[in-house]
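What follows is one structure encoded as structure tokens, with my remarks underneath.
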Amino acid sequence: MPSRIDQELNVSQTALNLRAYRQELLASNIANADTPNFKARDIEFKSSLSAALGRSTAAQLPLNRTAANHLPASGGNRYGAALLYRTDYQSSVDGNTVNMDVERGAFAENALHMEALLSFVREKFRDLNAAVQP
3 MPSRIDQELN VSQTALNLRA YRQELLASNI ANADTPNFKA RDIEFKSSLS
53 AALGRSTAAQ LPLNRTAANH LPASGGNRYG AALLYRTDYQ SSVDGNTVNM
103 DVERGAFAEN ALHMEALLSF VREKFRDLNA AVQP
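First residue of the sequence shown? That's 3 in the working numbering, and the numbers climb one at a time after it.
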């Protein structure tokens with residue numbers, strides 16, 4: 003049975019994990035800006051957090067195995083976040099959909115949200131520490 007502290011910090015922990023995962027995706031997009039036919043990927047944070055916390059209202063589609071030799075599906079990525087392709091704002095000759103301005107902006111915004119979450123968790127721990135001090 004999870005403790006009260008675990009229950010209090012579960013949302014923050016899950017949100018931080020998703021923010022870190024999104025940061026990895028955005029860094030991958032930036033790193034592959036010159037790779038031909040690379041398609042930029044991202045997640046929608048709000049729906050991904052709901053899915054990771056088990057609050058998703060969308061029905062999960064079961065994956066069927068069409069042959070006995072097929073491996074069972076593991077459910078996608080680490081956090082159940084739906085990987086989406088970024089909308090192509092300006093087509094390129096090599097088929098790459100990375101727009102560096104969009105990626106850098108999303109990277110900076112995500113880093114800012116991550117820092118705010120860390121500050122929130124830090125304050126929670128300060129409150130808990132103050133509560134146990136004599």
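Backbone N, C-alpha and C define an ideal beta-carbon position, used for all residues, glycine too.
Computed from a predicted structure; not experimentally measured.
Residue i classed as buried or exposed, judged by whether at least 16 other C-beta atoms fall within 10 angstroms
i: Ser50; result: buried
i: Asp44; result: buried
i: Asn131; result: exposed
i: Tyr91; result: exposed
Cβ neighbours of residue i in the same chain (closer than 7 angstroms, five flanking residues each side left out)
i: Asn19; result: Tyr81
Where residue i falls: helix, strand or coil (DSSP)
i: Asp44; result: strand
i: Tyr91; result: coil
i: Leu120; result: helix
i: Leu85; result: coil
i: Thr16; result: helix
i: Ala132; result: helix
i: Asn98; result: coil
i: Gly107; result: helix
i: Asn66; result: coil
i: Ser5; result: coil
Candidates the options, of which the one nearest residue i by Cα
i: Arg88; options: Glu10, Phe40, Gln15; result: Phe40
i: Asn12; options: Gln25, Asp36, Leu119, His72; result: Leu119
i: Glu10; options: Arg21, Pro136, Glu125; result: Glu125
i: Ala17; options: Ser5, Val95, Val123, Asp129; result: Val123
i: Ile7; options: Pro136, Asp129, Gln135; result: Asp129
Cutoff 8 angstroms; reference residue i; Cβ partners in own chain excluding five residues on either side
i: Ala84; result: Ile45, Glu46, Ser49, Ser50, Ala53, Gly78
i: Ile32; result: Val100, Met102, Glu105, Arg106, Phe109
i: Glu117; result: none
For residue j and residue i, believed in contact at Cβ under 8 angstroms, the rounded distance
i: Gln25; j: Asn112; result: 6 angstroms
Cβ shell of residue i (< 6 angstroms), same chain only, five flanking positions each side left out
i: Gln135; result: none
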